[in-house]
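Structure, as structure tokens:
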Amino acid sequence: MFHSIQDIATAIIQRDQRILDPYTEVICQSAKPAIWFTIGAPVTKETPIGISRIGGAPDVPHDFVWPTNNGEPLTFLYQLLIDDQLIAVFIGDHGSGADVPHHVEFFPKNTPLAPAAVPKNRQLPRFYDDTNPRSVFATPHTLTAHEGLDLPRWVSTAYEKLLDIVPDDEDIIEDFAETYEQFILMAEPDHGNVIVRFGDYHRGIGYDPAEFITDGSNVADWSLLTCLESVEPSEQLELDKLCIWDAGYFQILQRTDTNGNRHTYGSLET
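According to this note's numbering, the sequence shown is numbered sequentially starting from 155.
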């Protein structure tokens, strides 16, 4: 992982190929703080309320109103304890990968919380399974945070902006793209089982998902709030794989308007 700008610069220098060297300063300037979450221990009766975890029921205040879409309850996915707040993520049934029904709730850190009663007849995303004991949604697990620096990812406006520094030569661009794609893997924890991201760069498959948002905002206004990743099975954790479509991911983008209001957008990429 990269914990400082110097870590990134050193990693570029230490690579066998010198393809990224001329662009070290620009790459370093594009780094942003991020948190990766890996799968931890199964949740038990002794697990504290209000910590980062995936599956089960969210921890909520007594006056919490369960979010709905078209009058039907959404499905709780995970909650993240970030600094001074607990963030709970919900999703609904998705007919396509664009504008996926979702809801994000933010609870101040010191809010009294208790496990919610999960409603029946929820809208279930196609990748969700809470009937198989080896599913992370049926057997909730804690999430372990790993803080570091992330870099722009394919494809996004931030990535395209990075490509602008590369000479307009097909071979040079191809070499840069292939080398950079391998390089940014160094930003991620080497512990495996990364299942949730927070605050890093969003990305799309062949396009920036923010291009499909039709609220009149600019693509550059949007950034990643959080992302749920597909993961491989783990015998150590006794968990089957989580496969979102074809090993894709569900991400929620966010922007803040001129009045300070938060707007979010959900997309599935594969």
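Ideal placement from N, C-alpha and C gives every residue a C-beta, glycine not left out.
Predicted model only: the values in this text are computed from it and were never measured.
Close-in-space but distant-in-sequence residues of the same chain around residue i (CB under 8 Å, 5 per side omitted)
{"i": "D237", "result": "K263"}
{"i": "M340", "result": "M155, F156 and A165"}
{"i": "H400", "result": "Checking the sequence shown, residue 400 turns out to be Asp, not His. T424, listed in sequence order."}
{"i": "Q239", "result": "F260, F261, P262 and K263"}
Given residue i as reference, the closest of the options once Cα atoms are compared
{"i": "K199", "options": "S310, P269, Q160 and Q336", "result": "P269"}
{"i": "G204", "options": "Y177, G225 and A242", "result": "A242"}
{"i": "G402", "options": "N413, P387, S421 and N415", "result": "S421"}
{"i": "H257", "options": "Y232, V290, N413 and R172", "result": "Y232"}
{"i": "T285", "options": "D394, I398 and P306", "result": "D394"}
{"i": "Q390", "options": "I193, Q277, A188 and I189", "result": "I193"}
{"i": "P306", "options": "D354, P287 and D329", "result": "D354"}
{"i": "K274", "options": "G225, E324 and D329", "result": "G225"}
{"i": "V197", "options": "D283, H248 and P287", "result": "P287"}
{"i": "L471", "options": "E324, D344 and D329", "result": "Summary: the structure shown does not reach residue 471, with the chain confined to residues 155 through 424, and so no result is reported for it."}
Beta-carbon contacts of residue i that lie in its chain and below 7 Å, excluding the five residues immediately before and after
{"i": "G358", "result": "V309, S310 and E423"}
{"i": "G360", "result": "V309"}
{"i": "T298", "result": "F191, T192 and G194"}
{"i": "R416", "result": "Q408 and T410"}
{"i": "S184", "result": "L305, P306, A312 and L316"}
Close beta carbons around residue i, own chain, < 6 Å, minus the five adjacent residues each side
{"i": "F230", "result": "P212 and F244"}
{"i": "P255", "result": "N223 and G246"}
{"i": "A195", "result": "T296"}
{"i": "T265", "result": "P215"}
{"i": "E386", "result": "K395"}
{"i": "D375", "result": "R409"}
{"i": "F281", "result": "I398"}
For residue j and residue i, believed in contact at Cβ under 8 Å, the rounded distance
{"i": "V350", "j": "L382", "result": "6 Å"}
{"i": "G209", "j": "V272", "result": "So it is not a contact: roughly 11 Å between Cβ atoms."}
{"i": "W190", "j": "H300", "result": "5 Å"}
{"i": "A163", "j": "L303", "result": "Rounded, the Cβ-Cβ distance is 11 Å, inconsistent with contact."}
{"i": "I398", "j": "S384", "result": "5 Å"}
{"i": "Y419", "j": "D253", "result": "7 Å"}
{"i": "F352", "j": "L234", "result": "6 Å"}
Residue environment, residue i, which counts as buried when at least 16 other CB atoms sit within 10 Å
{"i": "N347", "result": "buried"}
{"i": "E259", "result": "buried"}
{"i": "P279", "result": "buried"}
{"i": "T380", "result": "buried"}
{"i": "S250", "result": "exposed"}
{"i": "E392", "result": "exposed"}
{"i": "R172", "result": "exposed"}
{"i": "P206", "result": "In the sequence on display, residue 206 carries Ser and not Pro. Answer is buried; the Cβ neighbour count reaches 16."}
{"i": "E342", "result": "buried"}
Backbone CA spacing between residue i and residue j [nearest angstrom]
{"i": "H295", "j": "V320", "result": "43 Å"}
{"i": "T333", "j": "P363", "result": "24 Å"}
{"i": "P176", "j": "D322", "result": "15 Å"}
{"i": "P221", "j": "P227", "result": "6 Å"}
{"i": "E314", "j": "R276", "result": "39 Å"}
{"i": "L317", "j": "L267", "result": "46 Å"}
{"i": "E335", "j": "T178", "result": "15 Å"}
{"i": "Q405", "j": "Q168", "result": "33 Å"}
{"i": "G370", "j": "S388", "result": "43 Å"}
{"i": "Q160", "j": "I181", "result": "11 Å"}
{"i": "F218", "j": "I327", "result": "51 Å"}
{"i": "S158", "j": "T293", "result": "36 Å"}
{"i": "P202", "j": "A331", "result": "44 Å"}
{"i": "I373", "j": "F337", "result": "The sequence shown places Val at residue 373, rather than the Ile named in the question. If I take the Cα positions, the gap works out to 25 Å."}
{"i": "T412", "j": "E365", "result": "20 Å"}
{"i": "E324", "j": "D344", "result": "32 Å"}
{"i": "K186", "j": "G414", "result": "22 Å"}
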